[in-house]
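**Student:**
There are 2 protein chains.
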Amino acid sequence: MQASLENHQPHEVVIIGGGFGGLYAAKALAKANVNVTLIDKRNFHLFQPLLYQVATGALSPADISAPLRSILSKSKNTKVVLGEVNDIDSEAQQVILADRIIPYDTLIVATGAKHSYFGKDNWREVAPGLKTVEDAIEMRRRIFKAFEAAEHETDPQKRRALLTFVIVGAGPTGVELAGAIAELAYKTLQEDFRNIDTSETKILLLQGGDRILPHISPELSQEAEKSLTQLGVIVQTKTRVTNIENDIITLKQGDEFKEIAAKTVLWAAGVQGSAMGKVLTQKTGVECDRSGRVIVEPDLSIKGHKNIFVVGDLANFSHQNGQPLPGVAPVAKQEGEYVAALIQKRLQGKTLRPFKYTDFGNLAMIGKNSAVVDIGLIKLKGFSAWVFWLLIHIYFLIEFDSKVLVMIQWAWNYLTRRRSARLITEKESLAFATFEDSHSRNNYTPANNRQPLNA
Amino acid sequence: MQASLENHQPHEVVIIGGGFGGLYAAKALAKANVNVTLIDKRNFHLFQPLLYQVATGALSPADISAPLRSILSKSKNTKVVLGEVNDIDSEAQQVILADRIIPYDTLIVATGAKHSYFGKDNWREVAPGLKTVEDAIEMRRRIFKAFEAAEHETDPQKRRALLTFVIVGAGPTGVELAGAIAELAYKTLQEDFRNIDTSETKILLLQGGDRILPHISPELSQEAEKSLTQLGVIVQTKTRVTNIENDIITLKQGDEFKEIAAKTVLWAAGVQGSAMGKVLTQKTGVECDRSGRVIVEPDLSIKGHKNIFVVGDLANFSHQNGQPLPGVAPVAKQEGEYVAALIQKRLQGKTLRPFKYTDFGNLAMIGKNSAVVDIGLIKLKGFSAWVFWLLIHIYFLIEFDSKVLVMIQWAWNYLTRRRSARLITEKESLAFATFEDSHSRNNYTPANNRQPLNA
Chain B
15 MQASLENHQP HEVVIIGGGF GGLYAAKALA KANVNVTLID KRNFHLFQPL
65 LYQVATGALS PADISAPLRS ILSKSKNTKV VLGEVNDIDS EAQQVILADR
115 IIPYDTLIVA TGAKHSYFGK DNWREVAPGL KTVEDAIEMR RRIFKAFEAA
165 EHETDPQKRR ALLTFVIVGA GPTGVELAGA IAELAYKTLQ EDFRNIDTSE
215 TKILLLQGGD RILPHISPEL SQEAEKSLTQ LGVIVQTKTR VTNIENDIIT
265 LKQGDEFKEI AAKTVLWAAG VQGSAMGKVL TQKTGVECDR SGRVIVEPDL
315 SIKGHKNIFV VGDLANFSHQ NGQPLPGVAP VAKQEGEYVA ALIQKRLQGK
365 TLRPFKYTDF GNLAMIGKNS AVVDIGLIKL KGFSAWVFWL LIHIYFLIEF
415 DSKVLVMIQW AWNYLTRRRS ARLITEKESL AFATFEDSHS RNNYTPANNR
465 QPLNA
Chain X
15 MQASLENHQP HEVVIIGGGF GGLYAAKALA KANVNVTLID KRNFHLFQPL
65 LYQVATGALS PADISAPLRS ILSKSKNTKV VLGEVNDIDS EAQQVILADR
115 IIPYDTLIVA TGAKHSYFGK DNWREVAPGL KTVEDAIEMR RRIFKAFEAA
165 EHETDPQKRR ALLTFVIVGA GPTGVELAGA IAELAYKTLQ EDFRNIDTSE
215 TKILLLQGGD RILPHISPEL SQEAEKSLTQ LGVIVQTKTR VTNIENDIIT
265 LKQGDEFKEI AAKTVLWAAG VQGSAMGKVL TQKTGVECDR SGRVIVEPDL
315 SIKGHKNIFV VGDLANFSHQ NGQPLPGVAP VAKQEGEYVA ALIQKRLQGK
365 TLRPFKYTDF GNLAMIGKNS AVVDIGLIKL KGFSAWVFWL LIHIYFLIEF
415 DSKVLVMIQW AWNYLTRRRS ARLITEKESL AFATFEDSHS RNNYTPANNR
465 QPLNA
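Chains as they are written, first to last, in the numbering used here: chain B, 15 to 469; chain X, 15 to 469.
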C-alpha cells in the first residue's frame, strides 16, 4: 500500500462490468491521470454480437472473447479485479465485494441487462436466451441434441417436434439465429444423419410487431424477411406467445390461438436491467424504468450523484429523442467513452456537452451469405451487405484482440457451410468462476487524500 | 427395419470408441461391403496430442475436435450412435447400451485409457491429468486461477505456493505442458498483472527415470532438457512423488525426501486401460496386464474370440519386441486400420499377416519455437524441429477436418506469444452429454441372416 500514503493520490475511478460500456470507458482512461479499477466476475470481455455464432456451432467461446487483463495490460493505471459486486455505499463512496471493499471517487456502473420473460419466469428454463457464454453453450447443446434425438426417434410426431425450432423475437439476435439454424439444418447437417432428413426441419421466427428488425428501415426489414423465407424460415409477425409447456408452444395471432409442438424454443425477445439497477435505486433513490433500466441525466450520471454514472444496457437515456437508446454495443461504447472524457474534463475544472449518440446504422446477418445494412444513406442487402457485415465485425474484433484469422476462418467455414464447433456439452457447463475462493484473503486498503472532483 | 429383412444383410461391424483407433478403423471400412456402427458417448473426435494447448489457453476445445458425424458423413455404410456401452454379450454377439442392444458380427473395442495414480486415487483431485476436454478445461482453470489468486495474495509464502507449478511425469505431455506454462509465465502474462511478477513463477518437471522423454534418443532427450532449462523449467529426474497434501508435494530423490509448497500439481505420469477391459475379462476370460490393458493376439483379436478386437491404448500388443507398444496416436491409427483390412480379407475368405507397427518416429514440442524430432535417421531440434512438428500436426488435423487456419493462427499466436483462449471455467464445466435422455425411446432391432465370418 506504498502508493496510498503519498499525497495527491490520483482520482480513483471504479468501473463495474467489463462489457462494451465498461471496457471502452477503461480504454479511454488509459492515458488519464486517474487510477482505474475494472471489476468483473469473468476474466474476459465477450463480443456479444457474435454470440449466436457460438450457439450454432460456428465459433468457439474463446473466438469471441478476450482476456480483460491482456486487453488492458498496456494501461498501467488500470487494475483488473475479478469479483462480484454485492453492494454500493454511495455515502462512503465504496463498492462492496464478497471479500473486500473498493473505494471510488467516480463510479461507472456498466453491468448490462439480462433477459426478460415478461413475468413468465418459468419460461426461462424451457426457452433459453442468448446473453452469456453459458447461454450460447446451452443453446448449442439443445440445438444439436435435438437433431441427435430426432435421429434416434421412431415416432413420427415426436420426431417432428424434435425437428421444430421456434425463435421468439425477430430483432437482430432472433433473425441471425433463425438464419444460422436454417443454414445448419438445410445445408451443413444434410449428409450427417442416416435416419432423418434434416431438410424436414421447421424453423419458426415469431415477432409480436408487424415487421421483423423494427429498428431498420421498412424496405430493408422486408428484404430481410424475403431472404429468411428463401432460406426456409417461416416468419410469423403479429404473433404473441401465450404459453410454453410440455414441448407445446401456444401462439396468439389476432384472436386466434395456435399450438405448435416444438422441442426447442429459443428466446430473443425482451431484456431487463441487471440487478445493480435495483441496488442503485435502494442506495441513491434513482428511478428505474419498467424494464429495470436506470434513468440517467443528460451526462449519464444519476440524479443527485454527479460522480455515479450508468452506461450501456443498464442505462435508460431518453434525452435524445424521447425514446431510450437501444441496448446495442455502439451505444454502450459511446456512453463509456463519453463518461471517460467527462471525468477528465471535470478534473481540469471544465465541463462537457451532454451525451449525444451518433448512430452509424444497423446491420443484421441473415445467412446464406446475405445480410442487411442500414447506414443512413447507404442501404445494402445480400452478399455485398454480408461482406460489409463481415468487415465491420472483423474491424471491431481486431480492436481488442487480433482475431482476424478467426473471422477469416469463420467466413470460410460459413461459405463452405462448415460448422465444426459442434461440441455438445452439459447444461451446467461453462459456469464461470466468481473467484470467492481465490479472493477471500485480504481486504483492499482504501487510499487516502484522493483528489476530489471539482464538479 | 426394412433392410434387416433382406437376405445377405452385410456383415455388421460395431466399433466402441471414436478415438484414433476406432475412427481410423471406421474410415478404413468406408468402402467395404459391411455395415459399420461407431458408438461413442461424445459427439466428436478429439485430437488428443494438442490437448495441452487447450490446457494452457492457446487453443479452444473445438479447435482440436471434429464432429464424428461430419468426419463420417461420406461413409454411407457407417452409422454414428451416441451412447455409452455398459456391457458386452459375446455369446449373443451384442453390445448393451443403457437404452438399446446392438448386435455385431465383428466387434472392435477402442475405448482407450484413463489416468493411473498408481493406487493413490486420492491424488486424482489434487493433481488432475490430461486425457479429456474436461481435463484440459480443468487444468486451464487451475493454471489461470492460480495467477489470479497470486495477484490478490499478500502473504509472500502463499503467493510463492500459488506461483509454483509441478508437473509429474516427463513424457511428451509433461514436457509440452512444462514448456507451455513457462511460455505463459515468463512471456505471455508478463504485462498482465499489477501486484505480481509472473517471472517469479517456479515450474518443476519431475521424472522418475533418469532422463526425460525416455522414448526418444538420449541425445535428443538431453537437447530437450537443455531447451526446457533455458526456458526456465526446473527439470528433476530420478524423482518420485510420495505424497500430495494441503498444497504440499513430497518428493523422494534417492534416499532424501523434499517438500515443496505448490498450489498447482499437474499429472502426466501413468495411464491404465479403460473400464471396458474389465468387462472383456469377465465376459471372455481374456487377460489384462498390470495397467489394465487387454493382452491381444498377433492379429489384435482376443484369445478364443476371433471376432473381437482391441485396438489403441486399451490394447497390450507385445508380439513385436516383447514390450507393449506405446499408447500413442500412430499405434492406435495403424491398429484400427489393420483390423479394418483383416475384416475385409476374412470376408473374402483370405487371411492377413499379423499386425506390425511402423514407427515413424517421435516428436515433442518444448516451447519457445523449439521442439525435438526423432525420426529414425532424421533428428531435428530447435526451430526447424518446431516447424516440422507444426507441419505434421497440420497434416493430421486436415485429415479429418480442415483446421488449417486454426493451426496457422495457433502458430501465429505462438510466435507472438498470444494466448487468448484463457477463459476460466468452473470445475464442473464441459461434462459431456451421454444422451440417456435423448436415447431412452426405442430399442435397436437385431438384423437377421447376417453373413458370418469365414475365419
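Glycine residues also receive a C-beta, built at the ideal position from the N, C-alpha and C atoms.
Along the chain, where does the alpha helix (DSSP H) that runs through W184 (chain B) open and close?
**Tutor:** Here the sequence assigns Ala to residue 184 (chain B), which means Trp is not the residue at that position. Run containing A184 (chain B): none; DSSP gives neither H nor E here.
**Student:** Would you kindly check if the distance between the Cβ of L245 (chain X) and the Cβ of K216 (chain X) is under 8 angstroms?
**Tutor:** No, the pair does not count as a contact, with Cβ atoms beyond the cut-off.
**Student:** By the criterion of Cβ-Cβ separation under 8 angstroms, what are the contact partners of K145 (chain X) in chain B?
**Tutor:** Near K145 (chain X) there are no residues of chain B at all, since even the closest Cβ is about 16 angstroms away, more than 8 angstroms.
**Student:** Any C-beta of chain B sitting closer than 8 angstroms to the C-beta of D101 (chain X)?
**Tutor:** False, the Cβ-Cβ gap to chain B never drops below 8 angstroms.
**Student:** CA-CA distance, E26 (chain B) and K88 (chain B)?
**Tutor:** Cα-Cα distance, rounded: 18 angstroms.
**Student:** Would you mind reading off the limits of the alpha helix (DSSP H) that contains D149 (chain X)?
**Tutor:** Residues V147 to H166.
**Student:** Tell me the residue span of the alpha helix (DSSP H) that contains T295 (chain X).
**Tutor:** Note, T295 (chain X): alpha helix (DSSP H), M290 to T298.
**Student:** According to the neighbour-count rule (16 or more other Cβ atoms, all chains shown, within 10 Å of its Cβ), is I47 (chain X) buried or exposed?
**Tutor:** Reading off the sequence, residue 47 (chain X) comes out as Asn, not Ile. Classification of N47 (chain X): exposed, given that the 10 Å Cβ count is below 16.
**Student:** Return the residues of the stretch 202-229 of chain X that lie within a Cβ-Cβ distance of less than 9 angstroms from chain B, sorted by chain order.
**Tutor:** Those residues of the stretch 202-229 of chain X that come within reach of chain B (Cβ to Cβ, closer than 9 angstroms) are T202, L203, Q204, E205, D206, F207, R208 and N209.
**Student:** Determine the contact status of L86 (chain B) and L52 (chain B), defining contact as a CB-CB distance below 8 angstroms.
**Tutor:** Yes, the pair counts as a contact, with Cβ atoms nearer than the cut-off.
**Student:** Starting from K93 (chain B), find everything on chain X with Cβ-Cβ shorter than 8 angstroms and list it in chain order.
**Tutor:** The answer, in chain order, is R208.
**Student:** Is it true that the CB of S84 (chain X) sits closer than 8 angstroms to the CB of Q286 (chain X)?
**Tutor:** Cβ atoms of Q286 (chain X) and S84 (chain X): not closer than 8 angstroms.
**Student:** Grouping DSSP H, G and I as helix and E and B as strand, with all else coil, what is P76 (chain B)?
**Tutor:** It should be noted that the sequence gives Ala, not Pro, for residue 76 (chain B). Looking at A76 (chain B) - three-state DSSP - the assignment turns out to be helix.
**Student:** Can you give me the start and stop residues for the beta strand (DSSP E) that P344 (chain X) sits inside?
**Tutor:** Note, P344 (chain X): premise wrong, no beta strand (DSSP E); alpha helix (DSSP H) at A343 to L361.
**Student:** Taking only beta-carbon atoms, is D54 (chain B) less than 8 angstroms away from chain X?
**Tutor:** With 8 angstroms as the cut-off, D54 (chain B) does not count as an interface residue toward chain X.
**Student:** How many angstroms separate the CA atom of R114 (chain X) from the CA atom of Q108 (chain X)?
**Tutor:** Each residue's Cα considered, the two are about 10 angstroms apart.
**Student:** With a threshold of 8 angstroms between beta carbons, is W385 (chain B) in contact with chain X?
**Tutor:** Reading the sequence as shown, one finds Ala at residue 385 (chain B) and not Trp. Chain X, which has no Cβ nearer than 8 angstroms to the Cβ of A385 (chain B), makes this no.
**Student:** I'd like to know whether the C-beta atoms of V180 (chain B) and L227 (chain B) end up nearer to each other than 8 angstroms.
**Tutor:** Taking 8 angstroms as the Cβ cut-off, V180 (chain B) and L227 (chain B) do not qualify as a contacting pair.
**Student:** Please go through the same chain and pick out, in chain order, the residues whose beta-carbon is closer than 8 angstroms to the beta-carbon of K252 (chain B), but skip the five residues on each side of it.
**Tutor:** Excluding residues within five positions, the ones whose Cβ falls inside 8 angstroms are Q221, G222, G223, D224, Q267 and G268.
**Student:** Find the residues of chain B that neighbour S87 (chain X), judging by a C-beta separation of less than 8 angstroms, and give them in chain order.
**Tutor:** Within chain B, the residues near S87 (chain X) are E205 and D206.
**Student:** So for Q337 (chain B), helix, strand or coil by DSSP?
**Tutor:** Reduced to three states, the DSSP call for Q337 (chain B) is coil.
**Student:** At 7 angstroms on the CB atoms, spell out the chain B contacts of F61 (chain X), in chain order.
**Tutor:** Per Cβ cutoff of 7 angstroms: no residues; F61 (chain X) is ~12 angstroms from chain B at best.
**Student:** Could you check if I262 (chain X) is buried or exposed, using at least 16 other CB atoms within 10 Å of its CB as the buried criterion?
**Tutor:** Answer is exposed; the Cβ neighbour count stays below 16.
**Student:** Rounding to the nearest angstrom, what Cα-Cα distance links A346 (chain X) and W137 (chain X) in this structure?
**Tutor:** In a straight line, the C-alpha of A346 (chain X) is about 28 angstroms away from that of W137 (chain X).
**Student:** Taking the C-alpha atoms as reference points, what is the distance between F374 (chain B) and L65 (chain X)?
**Tutor:** Each residue's alpha carbon lies about 42 angstroms from the other.
**Student:** Is the stretch 198-214 of chain B in contact with the stretch 137-155 of chain B, if contact means three or more CB pairs nearer than 8 angstroms?
**Tutor:** The stretch 198-214 of chain B is not in contact with the stretch 137-155 of chain B.
**Student:** Using the DSSP secondary-structure output, state which residues sit across from I195 (chain X) in a beta bridge.
**Tutor:** None; I195 (chain X) has no bridge partner.
**Student:** Going along chain B in order, which residues have a C-beta closer than 8 angstroms to the C-beta of F158 (chain X)?
**Tutor:** The answer, in chain order, is N57.
**Student:** For A127 (chain X), is the classification buried or exposed, using 16 other Cβ atoms within 10 angstroms of its Cβ as the cut-off for buried?
**Tutor:** It counts as buried.
**Student:** Helix or strand or just coil, what does DSSP make of V68 (chain B)?
**Tutor:** Looking at V68 (chain B) - three-state DSSP - the assignment turns out to be helix.
**Student:** Would you report the Cα separation of V353 (chain X) and D313 (chain X), rounded to the nearest angstrom?
**Tutor:** One C-alpha to the other measures close to 8 angstroms.
**Student:** Which value, in whole angstroms, describes the spacing of the CA atoms of A184 (chain B) and P81 (chain B)?
**Tutor:** If you take the alpha carbons of A184 (chain B) and P81 (chain B), they lie about 31 angstroms apart.
**Student:** Measure the Cβ-Cβ separation of V123 (chain X) and L294 (chain X) and say whether it is below 8 angstroms.
**Tutor:** In contact: V123 (chain X) and L294 (chain X) (Cβ atoms closer than 8 angstroms).
**Student:** Evaluate Q475 (chain X) with the Cβ neighbour count: other Cβ atoms within 10 Å of its Cβ, from every protein chain shown; 16 or more gives buried, anything less gives exposed.
**Tutor:** Residue coverage of chain X in this structure runs from 15 to 469, which leaves residue 475 (chain X) outside it and unanswerable.
**Student:** Beta-carbon separation of S104 (chain B) and K277 (chain B) under 8 angstroms?
**Tutor:** No. Outside cutoff.
**Student:** Out of B:E301, B:A175, B:P344 and B:A238, which has the shortest C-alpha to C-alpha gap to K38 (chain B)?
**Tutor:** Note that residue 38 (chain B) corresponds to Tyr in the displayed sequence, not to Lys. Nearest option by C-alpha distance: B:P344.
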